[in-house]
Structures are given as C-alpha cells and as structure tokens.
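Visitor: Below: one structure in structure tokens.
2 protein chains.
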Amino acid sequence: MYYLGLDVGGTTIKAGLVDENNRVLDSRSTPTIIDDLKGFISKLTDLIRDFQKSAAIDAVGIGVPGLRSSRTRAIQTSPNIPCLNNVNLEQTVADVVHLKVVTENDANAGAYAEFRCGAGIGLKNLVYLTLGTGLGSGLILNGSLYTGASGYGGEFGHTIVDPEGRPCSCGKRGCIETVVSATGIVVTATAKLKTAGDSLLRQVAPPLTAAKIYDAAIRGDQLASQVFAETGRWLGIACANLINLLNVEMIIVGGGVMASGELLLGHAGDFARQYAFPPSFEDCRIVQSKLWPDSGMIGAALLARDR
Amino acid sequence: MYYLGLDVGGTTIKAGLVDENNRVLDSRSTPTIIDDLKGFISKLTDLIRDFQKSAAIDAVGIGVPGLRSSRTRAIQTSPNIPCLNNVNLEQTVADVVHLKVVTENDANAGAYAEFRCGAGIGLKNLVYLTLGTGLGSGLILNGSLYTGASGYGGEFGHTIVDPEGRPCSCGKRGCIETVVSATGIVVTATAKLKTAGDSLLRQVAPPLTAAKIYDAAIRGDQLASQVFAETGRWLGIACANLINLLNVEMIIVGGGVMASGELLLGHAGDFARQYAFPPSFEDCRIVQSKLWPDSGMIGAALLARDR
Chain A
1 MYYLGLDVGG
11 TTIKAGLVDE
21 NNRVLDSRST
31 PTIIDDLKGF
41 ISKLTDLIRD
51 FQKSAAIDAV
61 GIGVPGLRSS
71 RTRAIQTSPN
81 IPCLNNVNLE
91 QTVADVVHLK
101 VVTENDANAG
111 AYAEFRCGAG
121 IGLKNLVYLT
131 LGTGLGSGLI
141 LNGSLYTGAS
151 GYGGEFGHTI
161 VDPEGRPCSC
171 GKRGCIETVV
181 SATGIVVTAT
191 AKLKTAGDSL
201 LRQVAPPLTA
211 AKIYDAAIRG
221 DQLASQVFAE
231 TGRWLGIACA
241 NLINLLNVEM
251 IIVGGGVMAS
261 GELLLGHAGD
271 FARQYAFPPS
281 FEDCRIVQSK
291 LWPDSGMIGA
301 ALLARDR
Chain B
1001 MYYLGLDVGG
1011 TTIKAGLVDE
1021 NNRVLDSRST
1031 PTIIDDLKGF
1041 ISKLTDLIRD
1051 FQKSAAIDAV
1061 GIGVPGLRSS
1071 RTRAIQTSPN
1081 IPCLNNVNLE
1091 QTVADVVHLK
1101 VVTENDANAG
1111 AYAEFRCGAG
1121 IGLKNLVYLT
1131 LGTGLGSGLI
1141 LNGSLYTGAS
1151 GYGGEFGHTI
1161 VDPEGRPCSC
1171 GKRGCIETVV
1181 SATGIVVTAT
1191 AKLKTAGDSL
1201 LRQVAPPLTA
1211 AKIYDAAIRG
1221 DQLASQVFAE
1231 TGRWLGIACA
1241 NLINLLNVEM
1251 IIVGGGVMAS
1261 GELLLGHAGD
1271 FARQYAFPPS
1281 FEDCRIVQSK
1291 LWPDSGMIGA
1301 ALLARDR
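Going down the list, the protein sequences come from chains A and B. For the first sequence, our numbering gives the first residue as 1, with consecutive numbering after it. For the second sequence, our numbering gives the first residue as 1001, with consecutive numbering after it.
As structure tokens, then:
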C-alpha cells in the first residue's frame, strides 16, 4: 500500500510517496500558485499523476496552511494561499484523480507524523511546534489528533502574549508568532541593531535572516546571542503555558529556525522550568522534531491512510 | 443510587447528596482544617457519616484545589491546604468510610458538572472558568474530562500573560489569574485609586472587595466601570487564546465574580471577538455557569458515579 502526502506551502508544494512502514520512498515538488484556483489544482494534480505513473497510490493526504472545517471539509480560510478560501479541496482533487483524498491543517499533519513515527512515538499527549516564517502548531491529546469542535483547533501561534505588541500577519497584535518565529527573530535583531553598538550583524549582506543571526551567535556575537536568549525566553514561556494547560508529555519543535537547535531549546527549557508547575514540567520533555522538514508531508500521507 | 460530592475549599468543605438525575437533595458544610491531616480527615469523614445516617451512599467524590496525580492518585500539591500535599486522599478516606472514593481537581470537577448537567449539556468541547480568589479552569475535550498525561492539566489560570506583571500566589509573576479574579479586580481598583480623582470607592468601608467595586460600577462610578472594562478585556483575550488553541464550543464562566454577570462577560465577548479567529469565534459561546456555586460539588458526585 502506498500513500501520497502533499505539504502545500506559500511558495512550494512538496509531495512524498510513503509506504506502509512510514518510509518516504520518493519526493518531488512544484511551485505553489496562490491566486488562481484552476492553476493551483492543475499543478497539484499533475504532481499526483506523476507519482501514479510509478506507484499504485491508495490515498492522498494534503496539508494546507489555514483553517479546515471538519463539518464541510472545506478550507475555511488560508491567508497565504487565498485561492483556497472556501474551497472543498478534498472533493475538487478527488474529482480529478479518482482517489480518496483528505486534507488537514499543515501543522496538524506534522503533529500526526511526529506522533505516529517521529519524536513522539508511543506518547498520548504532545504538542508539535514549527518555527518558520510563522509559528505553526498541532495537538495530539488522549492519543489522537485534536482539532476541536469545527476542525480549527491547534492555533497556538496566535496566542496573544502582548496586546500592544508587534503587528501579526493575522491582522491582530502581539501573537506569540510575532516573537517566536524566523520573522520574529529578525525583527528582534533589527530593533537591537538600532540602539546597540558593535555587532557582526552590521557587516552581514542584506537581507538579515534568522540563519545569519544564528551564525553570528555561534561565532560569539553578543547582540545575536541576546536575540536567541530573548526568543528562547518567549518560547520557554509559551511552553510553560502549554504544559500548565495541557500537561503534555512532550513538546516537539521543528521548522527552519531549528537549524539553531540546542541554542534556542536550551534557553526555552530553562525558562519553561522557571514558569511551569514543577510536577507538570517534570513530566514533559522539550525536544527537536525527528521528521522536519518532511513532517507535514509524511503526516498528510498517514492521515490519508488512517482517517 | 446516591452519590456524595464534596467541594474542598480553603475555608469550607461543602457536601451535597446527588441522585441519579443529577439533583442535589441535601447539602451541608464544615470548616476546612488546612494544616493538620488527621484533623482534616476527621472533619471530612464526619461529614460523610452524617449523610450516611439518612441515605445509602454508593460513592463519594471529592474536589480538591491543587494538582492530583492520575498515576498515584495522590494530591501532588495543594498550596492552600498544605496538609494534603502528597496524600492519597482517595485511599485515606476510603479506609475510614468503606466506600468508593474518587478525587479530582475542583475546577475539573466543576467542568464535568457543567458538561453533564449544566450549561454545556450535549457539547463535546468546552472550557469551564471559575473566577474567585483565583482563576480555576477545567477542560472537556472530545466528550470527556481532559486531565493530561499525569492528571495535572487544565491549569489555565497560571498562563503567563505578562512576565513582568503582578506577583501570583503560585510564586511566579503575571499569571492571568493575577488580573482576572476577584483578587485581580481589587488590585486593579486599588492601583487606579492611587492616581484617579473622584470615585464612590473612596467612601466604601474597607476592605475593598470585587462585590463593592461591582456595586459602584452599576451605580455609574467611572473608575469602577473602568476596572470591569479592563478585567473584561483580559478575560476576553484569555477566551480568544482558548478559542484559537482549542476551538471549543463554549466557555462557561462561574465563580463569585459572576455576581457581576453580564457586565464582565459583555466586555469579554467584545474583546474575544476582536482577538480570536472569526470562524473559531463564531462557533463558540461565552456564557455564565448554570450550576455555580454548586458545580464543583455536583461534578465531584458525578465523577464518583461515572469513573
């Protein structure tokens, strides 16, 4: 049995062929068309057909950034891929490829992958966080993917931590993703560069990125190190809040920012210990993703198998 | 079949006899002894025996403020009733009264009551908040009481919303309960009185309480009204965060502060609408508790029946 998992991002659709043992046998990608539904569907179904030439696919799973309604199965809203708003992508794609198709929020799919075959195997309660341009998240509670009353659950990145804080892509202010994300790291560094003195970051070719700030931090740059300490503090507070509310056994962190791995998680663990209830903290581990950058793709395939 | 529910508070233990139809037939109370375990058990078991004289009790449920371990069934920590720390209250009480005894966090018990026979009948996903001295909370997710990996889940009141904020009884700073609770309302009013001009609150006999501030607000006092507007704003942000993360169908608010009912919930609803994702907000109602002040007691009895 073969399952195809697709991870739809703002710029690229990644697809992977996954077998019964959760292994990725082959993967390909295609650019995402964000503002023309016909073009989007055409690119996506071409990719599926391409895989069908070499393998008998049993079902297709698609991870999409945005809110998916569990009642209508439509994508309720997808700010980065506006052509998907109010589209029943499952039905639309199934009509073309004549296969079982399931959709899910991309971070929820990532959580499911880590739960089934990643860092969280065997656990019943975990949170998956993915730190990229934004902060995605998915919940596994009582041994299953938790999506809430309407399918919209798991949006931890839009927890308001500072109502007068930075503007967020969602239109509000002070969401945790405005500080804990690649974007947030760059904003924090840029603000510090306006007032602080010497820093390696002043010699870096623009644009400034989280990766360049990380490079400076490991080369001993004080300002860059402070940026990671502050980001790790917010991530730690965020983890403490999740631990107190949900008493999960594991918080799994993936995403592009995790190239900075232990530097960020070290700070986060220290602050989570400081802010969470000790018994709840003791029962939770904060670890790196095992499957990133493929977690969303693998999770989509496994949801196509299991749902 | 009769079930006895006990709600252990910092000053009083309330007990209610509940029948198969979730009705409270009789209720009594006794003072809580907080620092002597033998004395505490003696008072509590006397109360149970008193009920046993007039009814054949099938099981006893006890709601306790603090963290209860689902692994050991012991009360891991109870800051307001220190004699219960690390005590297996279920076993200790069962040994005396020779009945099935179950324990649970008091706010979790309240959530269970609202779910079974209160404001949340028929729903699968809800949050119960109780605004008193602190901010208690319990979660019903996917149609059952959610307590997390170790039983400690549901502690929303200790979500950090301002790391440099007010000191909290838990030893940290800036927990949401430092602003959204009767205690928080008094602190907010006291701070405003230091700088603002005229207010009815200046003529009130000490000590200042949330109830007196509410009375002043409904009599048109501007400062008191601002206190409720600010508290409602924080409660609204808290609700928005719960709605985005958990996509619940209902947030039920109980507790002593709910004497101020619609005044506080009106503000909270306005701000939750402003801060939550619109589709998630549309699927959630924010309502008053139907069972408060008996929700914890009834929930404990129903858990004794159902667990």
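Backbone N, C-alpha and C define an ideal beta-carbon position, used for all residues, glycine too.
(1) Give the secondary structure of B/VAL1161 by DSSP, where H, G and I count as helix, E and B as strand, and everything else as coil.
(2) Does DSSP classify A/LEU99 as helix, strand or coil?
(3) For A/PRO279, which three-state DSSP category applies?
(4) For the beta strand (DSSP E) containing B/THR1077, list its first residue and its last residue.
(5) At a Cβ threshold of 7 angstroms, is B/GLU1155 touching chain A?
(6) From the beta carbon of A/PRO65, is the nearest beta carbon of chain B less than 7 angstroms away?
(7) Taking 7 angstroms as the threshold (C-beta atoms), are A/THR178 and A/GLY184 in contact?
(8) Count the other CB atoms within 10 Å of the CB of B/ALA1138; is the residue buried (16 or more) or exposed (fewer)?
(9) Output yes if chain A places a C-beta closer than 7 angstroms to the C-beta of B/ASN1086; else output no.
(10) In whole angstroms, give me the CA-to-CA distance for B/ALA1119 and B/GLY1110.
(11) Quick check on the burial criterion: 16 or more other C-beta atoms within 10 angstroms. Buried or exposed for A/ALA182?
(12) Assign B/GLY1138 to one of three DSSP states: helix, strand, or coil.
(13) Does the CB of A/LEU265 have a neighbour CB from chain B at under 7 angstroms?
(14) Measuring straight from C-alpha to C-alpha, what distance separates B/ASP1283 and A/LYS124?
(15) Does the Cβ-Cβ distance between A/PHE327 and A/GLY236 come in under 7 angstroms?
(16) Does B/PRO1279 come within less than 7 angstroms of chain A when only Cβ atoms are used?
(17) Taking Cβ positions only, does A/SER150 come closer than 7 angstroms to chain D?
(18) Can you find a CB in chain A that lies within less than 7 angstroms of the CB of B/ASP1007?
(19) Count the other C-beta atoms from every protein chain shown that fall within 10 angstroms of the C-beta of B/ASP1019, then say buried if there are 16 or more, exposed otherwise.
(20) Can you list, in chain order, the residues of the region 1210–1244 of chain B whose Cβ is nearer than 7 angstroms to any Cβ on chain A?
(21) Taking Cβ-Cβ distances shorter than 7 angstroms, what residues in chain B pair up with A/TYR275?
(22) Who are A/ASP7's beta bridge partners in DSSP?
(23) Are A/ILE75 and A/VAL87 closer than 7 angstroms when you measure CB to CB?
(24) Quick one, which of B/ALA1300, B/ARG1049, B/CYS1239 has its alpha-carbon nearest B/VAL1287's?
(25) For B/GLU1164, collect the residues of the same chain with a Cβ closer than 6 angstroms to its Cβ; drop the 5 residues on either side in sequence, then sort them by chain order.
(26) Looking only at its chain, what residues have a beta carbon closer than 7 angstroms to the beta carbon of A/ASN108, apart from the 5 residues adjacent to it on each side?
(27) So, helix, strand or coil for A/GLY118, using DSSP?
(28) B/LEU1129: which of B/LEU1242, B/ARG1071, B/GLY1010, B/MET1001 sits nearest, CA to CA?
(29) List the residues of chain A whose Cβ lies closer than 8 angstroms to the Cβ of B/ASP1283, in chain order.
(30) Using 7 angstroms as the limit for Cβ to Cβ distance, is B/ASN1022 near chain A?
(31) According to DSSP, simplified to helix, strand and coil, what is B/GLY1204?
(32) Anything in chain A within Cβ reach of B/PRO1163, meaning under 7 angstroms, just list it in chain order.
(33) Could you check which residue in A/LEU246, A/SER289, A/PHE51 has the C-alpha nearest to that of A/GLU262?
(34) Give me the Cα-Cα distance between B/VAL1097 and B/ASP1058, rounded to the nearest whole angstrom.
(35) Using beta-carbon positions only, say whether A/TYR112 and A/GLY299 come within less than 7 angstroms of one another.
(36) At 7 angstroms on the CB atoms, spell out the chain A contacts of B/THR1077, in chain order.
Guide: Checking against the coordinates, here is how it stands:
(1) B/VAL1161: coil per DSSP, three-state reduction.
(2) Assignment of A/LEU99 by DSSP, reduced to helix, strand and coil, places it in the coil class.
(3) For A/PRO279, the three-state secondary structure derived from DSSP is helix.
(4) Where B/THR1077 is concerned, the enclosing beta strand (DSSP E) stretches over 1075–1077.
(5) With a threshold of 7 angstroms between beta carbons, B/GLU1155 makes contact with chain A.
(6) So, not an interface residue.
(7) In this structure, A/THR178 lies closer than 7 angstroms to A/GLY184 by Cβ.
(8) Strictly speaking, residue 1138 of chain B in this sequence is Gly, with Ala absent from that position. That one is buried.
(9) Output row for B/ASN1086: interface = no.
(10) If you draw a straight line from the Cα of B/ALA1119 to the Cα of B/GLY1110, it comes to about 11 angstroms.
(11) Counting of Cβ neighbours within 10 angstroms places A/ALA182 among the buried residues, the total reaching 16 or more.
(12) Of the three classes helix, strand and coil, the one that applies to B/GLY1138 here is strand, per DSSP.
(13) No, its Cβ sits nowhere closer than 7 angstroms to a Cβ of chain B.
(14) Straight-line spacing of the CA atoms in B/ASP1283 and A/LYS124 works out to 27 angstroms.
(15) Outside the shown range of chain A, which is 1 to 307, sits residue 327 of chain A, and nothing can be said about it.
(16) Answer yes: the Cβ-Cβ gap between B/PRO1279 and chain A drops below 7 angstroms somewhere.
(17) Protein chains A and B are contained in the structure displayed, whereas chain D is not.
(18) No, B/ASP1007 lies away from the interface with chain A (no Cβ there is under 7 angstroms from its Cβ).
(19) Taking a 10 Å sphere around the C-beta of B/ASP1019, we find fewer than 16 other C-beta atoms and assign the residue as exposed.
(20) Answer set for the region 1210–1244 of chain B: ILE1237, ALA1240, ASN1241, ASN1244.
(21) Within 7 angstroms of the CB of A/TYR275, the CB atoms of chain B belong to ILE1160, LYS1172, in sequence order along the chain.
(22) Looking at the DSSP output, A/ASP7 sits in a beta bridge with A/LYS14, A/GLY63.
(23) Their beta carbons are under 7 angstroms apart, which means A/ILE75 touches A/VAL87 by this criterion.
(24) It is B/CYS1239 whose Cα lies nearest to the Cα of B/VAL1287.
(25) No residues qualify anywhere along the chain.
(26) Excluding sequence positions up to five before and after A/ASN108, its CB lies within less than 7 angstroms of the CB of GLY138, LEU145, THR147, GLY154, all in the same chain and listed in chain order.
(27) Reduced to three states, the DSSP call for A/GLY118 is coil.
(28) Looking at the Cα atoms, B/LEU1242 is the closest of the given residues.
(29) Residues of chain A passing the Cβ test: ALA149, SER150, TYR152.
(30) For B/ASN1022, no CB of chain A lies under 7 angstroms from its own CB, so it is not counted at the interface with that chain.
(31) The residue you asked about is not Gly; residue 1204 of chain B is Val in the sequence shown. Correct three-state label for B/VAL1204: coil.
(32) ILE237, listed in chain order.
(33) A check of alpha carbon separations from A/GLU262 across A/LEU246, A/SER289, A/PHE51 identifies A/SER289 as the nearest.
(34) Straight across, the Cα-Cα distance linking B/VAL1097 with B/ASP1058 is about 11 angstroms.
(35) Against a cut-off of 7 angstroms, the Cβ pair of A/GLY299 and A/TYR112 comes out as a contact.
(36) For a Cβ distance threshold of 7 angstroms, residue set PRO279 of chain A lies close to B/THR1077, ordered along the chain.
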